[in-house]
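Asks: Taken in order, the sequence shown gives residues 1 to 99; the numbers are from the UniProt record's numbering.
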Amino acid sequence: DVLITHTPPHGILDSCDVGLAQGQPMGDEELRKALRKLKPVLHTFGHVHRQRGVVADRSTVYVNAACADRGPDLPMRTAIVVDLDPGRLPHRPRPQGQG
């Protein structure tokens with residue numbers, strides 16, 4: 001399963017880089033709780049532009065795919081490409097009556 005949101009989960013590629021909140025996580029705590037239950041193979045998001053990157057845990061690859069930096073005159077960053085190999089993805093049976 002793939003999840004795409006605007007906001008990052010709390011504590012994952014979400015550190016504020018300006019002002020009084022510098023270094024503090026800006027992500028959504030409820031989203032982080034939901035991700036612990038859902039365990040998508042891939043979660044991609046943006047919002048926190050300078051924390052762009054990729055990290056993973058046992059179940060999920062997290063991609064902060066923010067492509068803009070601060071200010072309208074700064075160049076756009078290149079895309080992040082994620083290849084998901086179906087042969088290496090965990091098998092997740094669907095609940096009865098779905099798909």
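Each residue gets a CB set at the ideal place from its N, CA and C atoms; glycine is no exception.
(1) Less than 7 Å between the C-beta atoms of residue 7 and residue 47, yes or no?
(2) Contact defined as beta carbons within less than 8 Å: I believe residue 12 pairs with residue 27. What is the distance between those atoms, to the nearest angstrom?
(3) Smallest Cα separation from residue 75: which of 66, 82 and 25?
(4) For residue 10, which option in 2, 32, 38 and 54 has the closest C-alpha, if you only look at C-alpha atoms?
(5) Residue 86 by DSSP, collapsed to three states: which one?
(6) Indicate whether residue 58 and residue 17 have their beta-carbon atoms separated by less than 7 Å.
(7) How many whole angstroms separate the CB atoms of residue 63 and residue 82, which I take to be in contact at a CB cut-off of 8 Å?
Replies: On the basis of the supplied data:
(1) Yes, Cβ-Cβ distance for residue 7 and residue 47 is below 7 Å.
(2) That belief holds up - the Cβ atoms of residue 12 and residue 27 are roughly 6 Å apart, short of 8 Å.
(3) Ranking 66, 82 and 25 by Cα distance to residue 75 puts 66 first.
(4) Checked all of 2, 32, 38 and 54; the closest Cα to residue 10 is 32.
(5) Here residue 86 sits in helix by DSSP.
(6) Against a cut-off of 7 Å, the Cβ pair of residue 17 and residue 58 comes out as no contact.
(7) The beta-carbon distance between residue 63 and residue 82, rounded to whole angstroms, is 6 Å. This is short enough to meet the 8 Å contact definition.
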